[in-house]
Structures are given as structure tokens and as C-alpha cells.
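>
Chains as they are written, first to last, in the numbering used here: chain A, 190 to 722; chain B, 1414 to 1632; chain C, 23 to 452.
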């Protein structure tokens, strides 16, 4: 009976001669995808309703009087479907020809070139030459406000953008204006998309170069970009993203699908804040000595000297760490502190927005109040919040601490020049030098999250991995590596070879992380509680 | 040619022995004057929304028009469904649907302004800019075209003295081409504001225009 | 009373009151036997009402010819959710002018049909989607409905039956595509009149997400008579597959164009030669479009033995559609007329589906070029191919409706096209 029950939940059909079993209710397009067959499509998007209007996903279903739109046709038991029959291919070629009747074919100056569905499909299956001889219809370019530009001539009228604003952003600012071949996408006259906090997604879902990012305009060609899987560092939601880089610079952030965190989307706040990852003027070499005595040194000498100081330490240890640092770095620092003495304080500071900004049609995604990626990781690892909502203040005690002071990733911008002057030992692990770090005995250049691998814990208490997208400047090293090496000195242990090993070392000791590994976290992340369920 | 008598105004038929008055044929004798506040809610949306009288500054909606608007709302399960009737009413009052009107209508029904623009631009009867006191729509679709619609259109343009789609200098007329008006047996069909003029030939045009002007002056 | 175009061979069922202003009032309409159909329906009950219509064999008069009784039977029988009847009075198929006549001469005929239909499908609210341009006829309709409400014929407890049926006049704003049933539903809901993908079908998910039936004006009007006299009575006219009478809208180059009500199956040539008084100025017949501009053009030869019923016109290579017979004589310029139709479809395309949005506009541009003498023979092949690409590839059949006249005209009147592309000579003047 149980097997009968299961049978009722799946249907088996044949697509292009191959059999596939899919859950009841699956569309033909998705069923084909399960076999690795991509049926061309424009209007269909997995995160939106399907109007079946682009007509390029039509497939041949045996027994049906005409071609069926695969995006909305539900797979039936025993169906035989052809996505690549002469009929289906001929129809696609026809539809593609229609798309090109008025398309400007300005690929050489189009930002979408290289990742454009129209380009790809026409290249794969289009006619060698179009037959349209008449002058093309011209709409020109329209500034939609925000970061969005609209090139009406390139538009395929799939209306994904309109549906995103209606169904997901629930802010119906885009519409189809006019009808027939005069139809274009527009806002309410000049009112634009300004202030719509998720509007950047319409650029991502545009299958062609009709909606483009002003910020990215003419910056790079798609085929020159490297893609690194990452996690958005700009709030504690931890939207899964990709860093698109070229010439060791982040060129743009793009959402990476994760149905449990951000769906297909990300917010404009997060998307627009990547330039800091490209900032120059970084600390590139380790250095020792306070004030005038500061001199650069090599890593082995520096670490050896610091390890010696820590080994002989008798003072209490105060830590300021940034929630922009990875779980691996924050964990290694608290382990090191535990090894080197008594804890006085472990705090973090984080800017906080006045309110949250949810995405109404995908309520899991919220631009959170905490504007840093690892606030929950820091808390989990024993760090306490301090300071005000603009991420400043709260460090008076640490600034005057007499024992050991560690600063990790917090650039102390608001702190006085005599910060740490009273400390026996002041260690500054950071990316930028700071006037408040003048009293540091050790200045250790570390990498940003973009230059390393690691994990963050988001506001859903989900541990998520990020990958490396940029090369580190000079001899900056990941903080987990620097701190792991120091720990190895103190415990006569082994320095972790990579972030996964650094995480494994933590998982052994921190109950909340026990049993987890980079491998088990995978590309989509794991919730802390789920890992132990 | 300008002296050609105007035949059968409002009724098609230059071959039959039709005895009814124009008012009977148009139904105006039967309809009478319908009050601005409407009669029954079921018919409150059924008013001509192309009229000579218009006031671009009229409020949306006041007095009797407010009453009719409220009546309309009672006939639909959603506010959105009242969008076309509301736009109709707005055009009936103001003569065209400006961006401001779209915005106000959106506010009245709790819709986004962009949405209202999308809907308003879908339908050809909404004038997106002011038109002449008489909007003259000449059907040039197949049945009329077979019987000389192009000459009728040319005659209107010539006698009005304006380009297609442009307002005449006195603001009285705008001549446009229309799609089939469903009076194909009586070519050429011309819709002028709320009225159909059927069986129009090019020779009838001066008389029709003269009649329209005299109606304006009569007011 | 002299309605200008009538003919002794007509069978006047629907058109009996045409030309008689008295039919516009309740009392007047009762003199024509009005409101007896709905009274009988209320007496025999819903299921019997549907059966009566099914027995009559009435087929939808809006163009598709789908059996009305069958369509009504698709509606769910439970009354847990509101059901809607939508009356499609958005008449705008070029060549068609029958619904406007029904509305302006016999508004109560339509009201009665709406009541019968609503009652049959269990709808307590019927929307009559009136074409926006019909200002004059709409007001006649409105006055009639107001009176029907006053008389207790519409509204609560209609005719003392305990049944509530409301009717609302909803006025469109100029879009041919709203005559497509799902486009009409979207328009009624206050949206752009873009047709919806089917399934779901309206009987399951229609207007406002509720079970809905959409019927044409003439269809509903006929049901009033069918209920009054019985389904078998209706079958005394027409053919087995196309029972009953039909309003034929004849336009173009005939002496007496107009609406003629004839039994289905009436010979096309007799309609032209006898009923319509023959071709203007005795000219020769060149072509006929028998069912509104969306159906294939017929050559004069194909007209010879064509009888005007659904199956008869199909056998002659076209479709009856809404029986809008557009007649062209030897002076007709086929290329120009096909271009004008293409222009219409391009103008009215809602723009959702790519083949229609781009195809109708592109075909128009090619046809214009050919008309201007700048076309080539290759263009004819291109037109045939893109017409093929526009057929069966879209949500609704608007682009198919252009493909039909384009393909048929190029096949049947190729010489007219060739004269233009080869020699720059126009054939015909109209």
C-alpha cells in the first residue's frame, strides 16, 4: 500500500526518449530539467508566476493538437514529450526570428552580452539570417531610477520584471504600457524605482539586456568575470551571493539561489555595498613595536615573538572583534585567549539599522537590523555586543585595559589615539591601519571575507560558507591562519592548513558546532539546531 | 458638393423605406436624459464617456458623480474591477485621462499608479491627451474600406483642416482612424463622440460638420 | 414598421423586434412574447433548462460554434462559491454588426437571455460586457435594465420565483481582444485585457477566480426563445449539426447589405443574389469572407455551392465564425484589404505572446511594402511562413486570425500579389 501511495505522488513520462519520474504537479519544463534538458524560456522564472507568453518553451506532446507551453503544462503519467523534434525546433526558430524583428542586435555594446538568453538561443537554434527588411522600431533608453536602466529595444516583453515587482516586492511600480508591438515596460511616468529597496533584482532576472545596472554599465564583459560563491556581508540575513570579479576587483554582487534564505533575490542595500572590498591602502606586512618604534617584520619572526609574549602572559585578556570576521577567525581568537590567560571581556560592535526591510513576497528574506554578516556567530562564540547603533563607542574599558588587548577586524575609527596605551600587550589584527592602533605591539595584516574562505552564522542561526573571490594584498593572511599558528605555538599543536581544518578544530570544542564540517554545511548552509536534530 | 443634403442622420439605409425619426433610431427618445448620479447601480457605468461638455479640472468625484461612483463600486467583488468604470467616469467628466487623473483614480481604488497607467494605455478609448470637442472616428476597416472609407476619412481631414490625430485650430475637432465599429452593413461608419453616423459618404462630410458646429453654437 | 433591410425569406426569431421602438419596453417586449422563456425556465428547473438548450443544438454565436448546452453543463453544480455569467457584448470582429442590433432594438431579449443563462448555470450575477464604443445602444440597454429591475424581472426574487439574479452593465474601453473570453474576464476584473492561458478553463476558474460561463449576445438571446418554445422547435430550422436561425451580417459590395436572419444552411449565393439584391452595379463576385475577418477568404468558385452552416462553410475551405459575410466584387483590391486587416490585428494584438506581437506588425509592414510596389516574390514566401509561425503558437487565436486571411489570400489570389511584386500593378481599386 505504501508503495501505491508513493506511486500516486509521482508520474513517469518520457522526454526526448528518456524516461523520468517526477512529483505530480511538476511542469514539463521542470521535468525536462531533471533530465538535464534545458527547454529555452524567457517569461518562466522559478521564483515567479508563469504567464506562458514568451512562447519559446513550446514542446511537442504526443496526442496534443498543438505545441504546449512546457512551463505551465503539468507532466502526466505515460506522456511522451519531444523538446527537440523538428516541430519544436522549427517553432523555436520561428519565435526567435520574431524576437529579432525589432531587436537592435547591439550585442557589442550590450552589458548582457555573454550571459544573454536571446544571444544563446539564437546562436544555438536561430536562423542564419533574419528576413526582416523594414526599419526597426525604436524605443530608446529610459532611466528607471535607482540603479536600473531600461533599453526598450532589447526587451523581449517577458514581463518578469513587472511580475517581480507585483508578486515578490509587492510594490507595483512597473507595468506594461500600451499594447501590441508598441508595448514597453515603464514606471508611472517619471516616478521611477527610486526607494524601491529590492528593485535591483529586476536586472538579475531580465533574460536579455533590457534592464541593466547603472553601476555595472560598461564596466566589464560577462565572459571576463570570475564567479565566487559567497555570502552577502552587508547584513545578518546572509543572502547567498556570488562575487563577480575581474582584475582582482569585485565588479558586482549577484544573488545565488537558496530557497531557505534568499530565494533568488537580494536587497539593493546589500547589492550596492561592495566597493569596500576593493579599497586600497591596506596593511600589507606584519609589524612590531609601538609608535615610533614600529617596524615591519616577516611573519615567522612576528608570530614567534608574539607567541613568546603570550606564553609569558599573566594579564587578563580583553578582545574587540568585528562581526565581519568569520566563525573560524572569531573562534580561533577566543580559543587563543583561553589558552593565553583569563578573559576580561570579549565584545563586538556592529552598526544597526533603525528597522528591518522585509521582501513581502518572499518573507524569509529580510534586510536585518544588524548590518554585519556574523553577529550571531560572534554571539555564539561568546562575544557580547557593545557600543551604539552606529557601531561606535562602548570600548572605554578595553581602551584602558591593563592586560592583553586583542583587536580583530575592528578599525577603531572612533577611538582615541591612546587606545591600548595602558595595555601590557596590544595586538591589532586588521585590514587598515588606524590612529588608534599606534600603541599596538603587533600589527598583523589579515584578509577580508572576500579574500578568504570561511563561514558566517546568519540571523536564522544558519551556518553558511563563503568562498574566496579576491587575492589578498601583500602578505595579509586569513585571521584563522594567523591565530591558528599562534595557538599551535602555545599548544605545540598543528597549524590548520585551510579554513575547513580551522572549523573542524572549533567544532571539536564548541557544542553548538559539534558534528558539523565545511563539507556537511555544503554550499547552501545548515541551521545550527538542524545539525543537532 | 458641400451643398449635398445630409441623408439619414444616425441611421443606415438609403435604400429602405424607413420611417422612424432620428431620436427613435438612436434611442434618445426612449433613453431621455439620464441623471448624472445614475439611476440604478446596475447601469451606473453605462454612460457615454465621450461628450462635448468636459471640465479638465473637475474633481474626482463630487456631488452626483460621487454618488454614481459609489453606486458603481457596489457592483463588483473587488475594487480593481471598478477600474474601467472609474476611468470611464473620469473621462466623462474631464474629457481625457491625464497622468494626474490616473494617479487620482489609483488613489480612489487603492491601486498603484503604474498599474492604472498600464491599464489605461491598453484601451484605445481613453484619450491620453486632450482632444477636440468632437472626436471624429472614421472606421477604415475592411467593410467600410471596401465602400470608400478612405475617401470619407480624407474628406473629414480636408474639411476640418487638421492632420490625422491632431486637434483642429479652433479646438472643435480631432479626426482619427478607427477600427471596426460594428456597423459594417452601413458603411462608412463614423463615431463622433457618443454618436454613430452611419452610411456616411465623402459628400456628407460638410453637412455633418456644419451640424456639429451648429449644435455647439446652440449650447 | 419598416426596418430598412428585411426580406420575405427571412425567419425572424431574434430580429422580430428590429426597427420597432416599442420592443424596447417591458410591456412592448411582452407583446412580442417576451419573458415567457425565463418564466418557463424557472418552472422546469435548472437541469431541464440546460437540457432544453442542449436539445436545441444551439451553438455559440460568437464565432467558435461550441454547443451552448454542453458549455453550461461544465459548470460545477454546487453553489458554495459564486458563479458568474458573462455576456460577451464586445462585438468588434470586422464585418460583424448583429449584437449591436439586438441590444439597441431588443434589449429585453438580451436581458431575458441573460436571466435564462444565469439561472441555468446557477449564477446570481451576470455581467454584460458592452463594447465601449456602443454609447447609444448601451444607454438603451441601461434604460431597459432599469425598467426590468423596477418590474421585478431582474434582481431579488425574479418574477416571484425566489431566485435572485443581478445583471450589471459593464462598459469596455476599446480593445478587440476583450471579445476573447479570457481577455474579457481580465478586463472585467480591471486588468489589461490580455487573454489567459487555459487550463484552468473559465468553468473552473473564471471571473474573480470563480466558475464562469461566457456567452455571446446572440447565443443568450436565442436561449430565451428556445426556453419559450422548446429545443425541438428550434431544430425545425437549420441542419442537423447547425440547428436554428442565425443573424447574417452582410457587408461589402452587395446592393442591400444588412442583418438578415436565416436558417443555418442557407445557400451563400442565394444570400448574395437574392436576399442582398445581388452585387452592386451587377459586377462579378471576386471573393467572400464568410465569418468575420478572422477566417480564410473564399474565392468566387468556392462560394458557388457553399451553404451557410458550420459544416458547410468548413467544407468550402473557410469557417462560419460569426456569420459576418464580407462580399467583394471584381473591383476589390485583395492585397490592400488584407493589409488593412493585418493593420487591424497588429493594432489589436495585446502584445503578450511574441509570435502575435511581432508577427502581426511585421506582416503588416511586409504587406504595406508589397502594396506600395516594393515587394518581392520572396516576401510572399516569408508571409506564408510567418503566418504558419503565428498559427497555434499563442495563448489566444488573434494571430491565427490574421494568418488565415493572409495564407488564404496568397493561395487563392496569388495573381493579385504577383501583379504588384512583378509589375507594380494594383489589381482592383477598392
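Quick reminder that beta carbons are idealized off the backbone N, C-alpha and C, glycines included. Please read these numbers as outputs of a predicted model, since none were measured by experiment.
#1: Could you pull the start and end residues of the alpha helix (DSSP H) that residue 323 of chain A belongs to?
#2: Check for me: the alpha helix (DSSP H) holding residue 590 of chain A runs from which residue to which?
#3: Less than 8 Å between CB atoms is the rule here; does residue 223 of chain A satisfy it with respect to chain C?
#4: If you follow the alpha helix (DSSP H) that residue 130 of chain C is in, where does it begin and where does it stop?
#5: With a 10 Å radius around its C-beta and 16 neighbouring C-beta atoms as the bar for buried, classify residue 1523 of chain B as buried or exposed.
#6: Starting from the Cα of residue 312 of chain A, find the closest Cα among A/327, A/294, A/325, A/321 and give me that residue.
#7: If we define contact as Cβ-Cβ less than 8 Å, is residue 1553 of chain B a contact residue for chain A?
#8: Where does residue 290 of chain C fall in DSSP's three states?
#9: Can you tell me whether residue 549 of chain A is buried or exposed? The criterion is at least 16 other CB atoms within 10 Å of its CB, across all chains shown.
#10: Who are the Cβ neighbours of residue 393 of chain A in its own chain at under 7 Å, not counting the five residues just before and after it?
#11: Is it true that the segment 1594-1601 of chain B meets the segment 1610-1625 of chain B, where meeting means three or more beta-carbon pairs spaced less than 8 Å apart?
#12: Count the CB pairs spanning the segment 537-556 of chain A and the segment 578-586 of chain A that are closer than 8 Å, and state whether there are at least three.
#13: Pick helix, strand or coil for residue 1423 of chain B, following the three-state DSSP scheme.
#14: Short check: CB of residue 528 of chain A to CB of residue 307 of chain A, under 8 Å?
#15: Kindly list, in the order they appear in chain B, the residues whose Cβ is closer than 8 Å to that of residue 130 of chain C.
#16: Whole angstroms are fine: how far does the CA of residue 417 of chain A sit from the CA of residue 426 of chain C?
#17: Can you find a C-beta in chain A that's less than 8 Å from the C-beta of residue 387 of chain C?
#18: Quick check for students: name the residue ranges of the alpha helix (DSSP H) that lie wholly in the segment 495-577 of chain A, counting only runs of 4 or more.
#19: Could you give the C-beta distance for residue 597 of chain A and residue 510 of chain A, rounded to a whole number, given that I count them as a contact under 8 Å?
#20: Any beta-carbon of chain B closer than 8 Å to the one on residue 270 of chain C?
#21: Can you find a CB in chain B that lies within less than 8 Å of the CB of residue 281 of chain C?
#22: Take residue 118 of chain C and list the residues in its own chain whose beta-carbon comes closer than 6 Å to its own, dropping the five residues that flank it on each side.
#23: Decide yes or no for the touch test of the segment 415-434 of chain A against the segment 362-369 of chain A: beta carbon pairs closer than 8 Å, at least 3 of them.
#24: Ends of the beta strand (DSSP E) at residue 199 of chain A?
#25: Rounded to the nearest angstrom, what separates residue 211 of chain A and residue 1489 of chain B at their Cα positions?
#26: Between residue 1460 of chain B and residue 1505 of chain B, how many whole angstroms is the CB-CB distance? I'm expecting something under 8 Å.
#27: How about residue 321 of chain A: is its C-beta nearer than 8 Å to some C-beta of chain C?
#28: Counting beta carbon pairs with one atom in the segment 124-138 of chain C and one in the segment 172-182 of chain C, are three or more of them shorter than 8 Å?
#29: Assess contact between the segment 607-625 of chain A and the segment 381-399 of chain A, defined as three or more Cβ pairs (one per stretch) separated by less than 8 Å. Is contact present?
#30: How big is the Cα-Cα spacing for residue 1463 of chain B and residue 1594 of chain B?
#31: By the 10 Å Cβ neighbour count, where 16 or more other Cβ atoms means buried, how is residue 559 of chain A classified, buried or exposed?
#32: If you draw a straight line from the alpha carbon of residue 223 of chain A to that of residue 347 of chain A, how long is it in whole angstroms?
#33: Assuming residue 419 of chain A is part of the beta strand (DSSP E), what are its boundary residues?
#34: Could you check how far apart the C-beta atoms of residue 284 of chain C and residue 120 of chain C are, in whole angstroms? I think they sit under 8 Å.
#35: Give the interface partners of residue 194 of chain C over in chain A, defined as CB-CB distance under 7 Å, in chain order.
#36: Determine, using beta carbons only, whether residue 642 of chain A and residue 656 of chain A come nearer to each other than 8 Å.
So, from the data block:
#1: On the first chain, residue 323 of chain A is found 134 positions in, with the first residue counted as 1. Boundaries for residue 323 of chain A: no alpha helix (DSSP H) harbours it, and the DSSP string shows neither H nor E there.
#2: Translated into the one-based positions of the first chain, residue 590 of chain A becomes position 401. From DSSP, residue 590 of chain A is part of no alpha helix (DSSP H); its letter is neither H nor E.
#3: Taking the first chain and counting its residues from 1, the one referred to as residue 223 of chain A is at position 34. No, residue 223 of chain A does not count as interfacial toward chain C.
#4: Taking the third chain and counting its residues from 1, the one referred to as residue 130 of chain C is at position 108. Start and end: 129-143.
#5: As a working mapping, residue 1523 of chain B is identified with position 110 in the second chain. So residue 1523 of chain B ends up on the exposed side.
#6: For the purposes of this step, residue 312 of chain A is identified with residue 123 of the first chain, where counting begins at 1. Per the Cα distances, A/294.
#7: In the second chain, counting from the first residue as 1, residue 1553 of chain B sits at position 140. Not an interface residue.
#8: In the third chain, residue 290 of chain C corresponds to position 268, counting from 1. Here residue 290 of chain C sits in helix by DSSP.
#9: Within the first chain, numbered from 1, the residue matching residue 549 of chain A stands at position 360. It is exposed - the Cβ of residue 549 of chain A has fewer than 16 other Cβ atoms within 10 Å.
#10: Here residue 393 of chain A refers to the residue found at position 204 when the first chain is read from its first residue. Hits under 7 Å: 443, 444.
#11: Result yes; three or more Cβ-Cβ pairs closer than 8 Å.
#12: yes
#13: Against the second chain, residue 1423 of chain B aligns to sequence position 10. Reliability fails at residue 1423 of chain B, whose pLDDT of 49 lies under 50, so the model's placement of it is uncertain and the value that follows must be treated cautiously. DSSP places residue 1423 of chain B in the coil class of the three-state scheme, outside both helix and strand.
#14: If you number the first chain from 1, residue 528 of chain A lands on position 339. If you number the first chain from 1, residue 307 of chain A lands on position 118. No, Cβ-Cβ distance for residue 528 of chain A and residue 307 of chain A is not below 8 Å.
#15: Locating residue 130 of chain C in the third chain gives position 108, counting from the first residue. In chain order: nothing, as chain B lies at least about 12 Å away.
#16: On the third chain, position 404 is the one that residue 426 of chain C refers to. On the first chain, position 228 is the one that residue 417 of chain A refers to. Roughly 53 Å between the two C-alpha positions.
#17: The residue you call residue 387 of chain C lines up with position 365 of the third chain. True, the Cβ-Cβ gap to chain A drops below 8 Å.
#18: 516-529, 564-569
#19: Position 408 of the first chain, counted from the first residue, corresponds to residue 597 of chain A. Position 321 of the first chain, counted from the first residue, corresponds to residue 510 of chain A. Indeed they touch by this definition, with Cβ atoms about 4 Å apart.
#20: What you label residue 270 of chain C is simply residue 248 of the third chain in a count that begins at 1. It does not; no Cβ of chain B falls within 8 Å.
#21: The count along the third chain starts at 1 and reaches residue 281 of chain C at position 259. Yes, because at least one Cβ of chain B sits closer than 8 Å to the Cβ of residue 281 of chain C.
#22: Within the third chain, the letter at position 96 stands for residue 118 of chain C. If we look at residue 118 of chain C and ignore the five residues flanking it on each side, its Cβ neighbours are 271, 314, 344, 346.
#23: In this structure the segment 415-434 of chain A does not touch the segment 362-369 of chain A; the number of beta carbon pairs closer than 8 Å is below three.
#24: Residue mapping note: residue 199 of chain A aligns to position 10 of the first chain, counting from 1. Taken as a continuous stretch (DSSP letters only), the beta strand (DSSP E) holding residue 199 of chain A covers 199-204.
#25: Position 22 of the first chain, counting from 1, holds the residue named residue 211 of chain A. Position 76 of the second chain, counting from 1, holds the residue named residue 1489 of chain B. When rounded, the distance between both Cα atoms is 41 Å.
#26: Position 47 of the second chain holds residue 1460 of chain B. Position 92 of the second chain holds residue 1505 of chain B. That belief holds up - the Cβ atoms of residue 1460 of chain B and residue 1505 of chain B are roughly 6 Å apart, short of 8 Å.
#27: Locating residue 321 of chain A in the first chain gives position 132, where the first residue counts as 1. Yes, because at least one Cβ of chain C sits closer than 8 Å to the Cβ of residue 321 of chain A.
#28: yes
#29: no
#30: For this step, residue 1463 of chain B is matched to residue 50 along the second chain. For this step, residue 1594 of chain B is matched to residue 181 along the second chain. Each residue's Cα considered, the two are about 15 Å apart.
#31: Stepping through the first chain from its first residue, residue 559 of chain A is reached at position 370. Classification for residue 559 of chain A: buried.
#32: In the first chain, the residue the question calls residue 223 of chain A occupies position 34. In the first chain, the residue the question calls residue 347 of chain A occupies position 158. Rounded to whole angstroms, residue 223 of chain A to residue 347 of chain A spans 24 Å at the Cα level.
#33: The residue given as residue 419 of chain A occupies position 230 in the first chain. Residue 419 of chain A -> beta strand (DSSP E) spans 415-420.
#34: One-based indexing of the third chain puts residue 284 of chain C at position 262. One-based indexing of the third chain puts residue 120 of chain C at position 98. At roughly 12 Å, the Cβ-Cβ gap does not stay under 8 Å, so residue 284 of chain C and residue 120 of chain C are not in contact.
#35: On the third chain, residue 194 of chain C is found 172 positions in, with the first residue counted as 1. Residues of chain A with a Cβ closer than 7 Å to the Cβ of residue 194 of chain C do not exist; the shortest Cβ-Cβ separation is about 14 Å.
#36: Along the first chain, one-based indexing puts residue 642 of chain A at 453. Along the first chain, one-based indexing puts residue 656 of chain A at 467. In contact: residue 642 of chain A and residue 656 of chain A (Cβ atoms closer than 8 Å).
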